[in-house]
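Single-structure report; data block below.
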Amino acid sequence: MKLFSTAIIIILTNLTAFSQNVELPKVVLPSPEAYAITKYGDVPVDERTGMVNASIPIYAYSAGKLSLPISLNYSGSGVKVSQLATWTGINWTLSAGGAITRTVNDAPDEDPTIRRLREEEILAYN
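This is the structure:
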């Protein structure tokens, strides 16, 4: 009985060992024209947020040791329903040296109706 069960185990072990497929997969390479399209898919993606960070350099202005790159940048954060398109397009921004902006919370600083507190009034509030 032991010999019979040992023979069955050996036969079944050999059967499972030969059940693997030894054929190599056939690789079909794309044509050069089709492969050239894939270079446009190499857009950098932020691995932390998953957003696309596309930048198209337009020009680099140089004067002496200083250089100012001008580029179009795309934000892949999505389009909101009420978002208006800028003159560069939705989610596109022109990066050309920065911008000066301000956010007014209550009233602008140059408003003449705002009076300055005297030192006595400041101490009274403390």
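Numbering (our numbering) for the sequence shown: 1233 to 1358.
No residue lacks a Cβ here, since even glycine has one placed at the ideal position from N, Cα and C.
{"query": "Alpha carbon to alpha carbon, how far is L1256 from A1295?", "result": "59 Å"}
{"query": "Are the stretch 1298–1313 and the stretch 1322–1335 touching by the rule of at least three beta carbon pairs closer than 8 Å?", "result": "yes"}
{"query": "Can you tell me where the beta strand (DSSP E) holding S1287 begins and where it ends?", "result": "1285–1295"}
{"query": "Comparing alpha-carbon positions, which option in P1276, Y1291, L1244, K1234 lies nearest G1329?", "result": "Y1291"}
{"query": "Under a three-way DSSP split, which group does S1237 fall into?", "result": "helix"}
{"query": "Can you tell me whether DSSP reads L1261 as helix, strand or coil?", "result": "coil"}
{"query": "Within the continuous beta strand (DSSP E) that includes W1324, where are the two ends?", "result": "1324–1327"}
{"query": "What is the DSSP secondary structure of T1245, reduced to helix, strand or coil?", "result": "helix"}
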